[in-house]
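Engineer: First the structure, which I've put down as structure tokens, then a few questions once you've had a look.
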Amino acid sequence: MLSVSGIHKSFGGVQALADAALDCASGEVIGLIGPNGAGKSTLVNVISGFLAPDAGQVVLDGALLQGRTPQHISASGIARTFQNLRVFRDLTVRQNIEVASLRARQLRRDGPPMLGVDALLETFGLADRMSDAAGALPYGTRRWMEIARAMATGPRILLLDEPAAGLNDEESDRLHQIITRLRDLTRIGVVVIDHDLTFINNVCDRLFVMDQGRLIASGAPAAVWRNPKVIEVYVGPGTGTGATPAVELGG
Ligand SMILES: Nc1ncnc2c1ncn2[C@@H]1O[C@H](COP(=O)(O)OP(=O)(O)OP(=O)(O)O)[C@@H](O)[C@H]1O
Numbered sequence: 001m002l003s004v005s006g007i008h009k010s011f012g013g014v015q016a017l018a019d020a021a022l023d024c025a026s027g028e029v030i031g032l033i034g035p036n037g038a039g040k041s042t043l044v045n046v047i048s049g050f051l052a053p054d055a056g057q058v059v060l061d062g063a064l065l066q067g068r069t070p071q072h073i074s075a076s077g078i079a080r081t082f083q084n085l086r087v088f089r090d091l092t093v094r095q096n097i098e099v100a101s102l103r104a105r106q107l108r109r110d111g112p113p114m115l116g117v118d119a120l121l122e123t124f125g126l127a128d129r130m131s132d133a134a135g136a137l138p139y140g141t142r143r144w145m146e147i148a149r150a151m152a153t154g155p156r157i158l159l160l161d162e163p164a165a166g167l168n169d170e171e172s173d174r175l176h177q178i179i180t181r182l183r184d185l186t187r188i189g190v191v192v193i194d195h196d197l198t199f200i201n202n203v204c205d206r207l208f209v210m211d212q213g214r215l216i217a218s219g220a221p222a223a224v225w226r227n228p229k230v231i232e233v234y235v236g237p238g239t240g241t242g243a244t245p246a247v248e249l250g251g
């Protein structure tokens with residue numbers, strides 16, 4: 001469904017992406033991981049239209065999307081959240097979700113999203129707080145609202161940029177349940193970037209591992225964590241042959 005291939009992107013002399021790629025099917029949760037500076041956020045910015053790539057293709061259900069505006073890409077069915085929470089602080093929780101839903105309906109021609117505002121409030125456990133100002137919400141609750149807002153655009157692909165950052169263990173478990181539930185209810189594809197490897201291992205069907213702008217491994221989590229290149233990136237040079245990762249990888 002989403003197929004991203006051959007993506008190159010440089011900032012001046014810095015090559016942030018060099019032949020980067022990933023794909024995500026309907027009903028699948030994939031993880032995009034890699035050390036700081038690997039190019040994960042740049043790739044998500046390219047997919048969501050916030051950056052134009054120097055080369056490469058972003059294809060959603062056969063439509064070429066690279067270099068299109070974020071509005072066009074959102075209307076085509078790719079929604080995203082950001083590392084830093086972006087909410088309308090003075091609007092209520094319900095209004096924040098309604099605004100996203102209304103805007104999406106203006107831009108899209110292919111019918112209403114599968115989950116309406118009430119269903120989203122229910123799914124994210126936000127019904128009790130729907131009249132609260134978004135700016136007054138605790139951090140974790142604001143995060144649910146931000147994801148609910150992205151879902152209100154009726155996406156086929158949901159990109160979550162560090163959704164578990166700043167969440168406690170209980171909230172991370174909740175996030176895991178929410179992602180699984182959304183996937184099961186709507187059969188969307190979900191792309192998750194996160195540094196919390198236990199969370200990523202638990203929630204994702206497949207992982208894509210990047211280093212220095214390149215895809216170095218992809219596949220089921222258990223196989224990826226046995227890949228010498230991945231071990232070397234995560235554990236250190238000289239550990240990539242036959243070593244068992246010394247880190248707690250969960251899952
Ligand atoms: N706007 C920019 N201008 C210049 N260099 C940039 C810009 N954005 C990213 N880079 C560089 O591109 C490379 C990839 O950065 P990117 O933020 O995509 O990595 P990342 O994997 O998301 O890292 P992190 O996990 O720390 O968020 C880094 O070397 C970064 O410094």
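Positions 1 to 251 (UniProt numbering) are the ones given, in order, by the sequence shown.
In this text, a Cβ means the ideal position worked out from N, Cα and C, and glycines have one as well.
#1: If you drop the 5 nearest sequence neighbours on each side, which residues of the same chain put their C-beta closer than 7 Å to that of Pro78?
#2: Please report the residue range of the beta strand (DSSP E) in which Phe50 lies.
#3: Just grab the DSSP bridge partners of residue 258 for me.
#4: From Gly12 to Ala220, what does the alpha carbon distance come to, in whole angstroms?
#5: Mind checking which residues open and close the beta strand (DSSP E) that includes Gly189?
#6: Between Phe11 and ligand 1, is the CB less than 7 Å from at least one heavy atom?
#7: Output the distance between the C-alpha atoms of Arg149 and Thr123, rounded to the nearest integer angstrom.
#8: Which two residues bound the contiguous beta strand (DSSP E) that contains Asp161?
#9: Quick check on the contact list: which residues have their beta carbon closer than 5 Å to a heavy atom of ligand 1?
#10: Is Asp61 helix, strand or coil by DSSP?
#11: Would Thr69 be called buried (16 or more neighbouring beta carbons within 10 Å of its own) or exposed?
#12: Compute the distance between the beta-carbons of Leu137 and Val93, then report whether it is under 8 Å.
#13: Among residues of its own chain, excluding the 5 on either side of Asp196, which ones have a beta-carbon nearer than 6 Å to its beta-carbon?
#14: Determine the contact status of Ser218 and Arg226, defining contact as a CB-CB distance below 8 Å.
#15: To which residues of the same chain is Tyr139 closer than 7 Å at the C-beta, ignoring the five residues directly before and after it?
#16: Would Arg80 and Asp161 be called neighbours here (beta carbons separated by less than 8 Å)?
#17: Which residue wins for smallest C-alpha separation from Val190, given the options Ser3, Gly31, Leu17 and Val4?
#18: By the DSSP assignment, the alpha helix (DSSP H) with Gln212 in it spans what residues?
#19: So what's Asp205 in DSSP terms, helix, strand or just coil?
#20: On the CB-based measure, 16 or more other CB atoms within 10 Å of its CB, does Glu248 come out buried or exposed?
#21: Compute the distance between the beta-carbons of Met151 and Leu120, then report whether it is under 8 Å.
Structural biologist: On the basis of the data shown:
#1: The residue you asked about is not Pro; residue 78 is Ile in the sequence shown. If we look at Ile78 and ignore the five residues flanking it on each side, its Cβ neighbours are Ile47, Ser48, Leu60, Pro155, Ile157 and Leu159.
#2: Taken as a continuous stretch (DSSP letters only), Phe50 belongs to no beta strand (DSSP E), as it is neither H nor E.
#3: In the structure as shown, the chain begins at 1 and stops at 251. Residue 258 is therefore absent and cannot be evaluated.
#4: 35 Å
#5: Gly189 to Ile193
#6: yes
#7: 12 Å
#8: Ile157 to Asp161
#9: Phe11, Val14, Ala16, Asn36, Gly37, Ala38, Gly39, Lys40, Ser41 and Thr42
#10: coil
#11: exposed
#12: yes
#13: Ala164
#14: no
#15: Gly166
#16: yes
#17: Gly31
#18: Run containing Gln212: none; DSSP gives neither H nor E here.
#19: coil
#20: Confidence at Glu248 is low in this model, with a pLDDT of 45, below 50, so the placement of that residue is unreliable and no value is reported for it.
#21: yes
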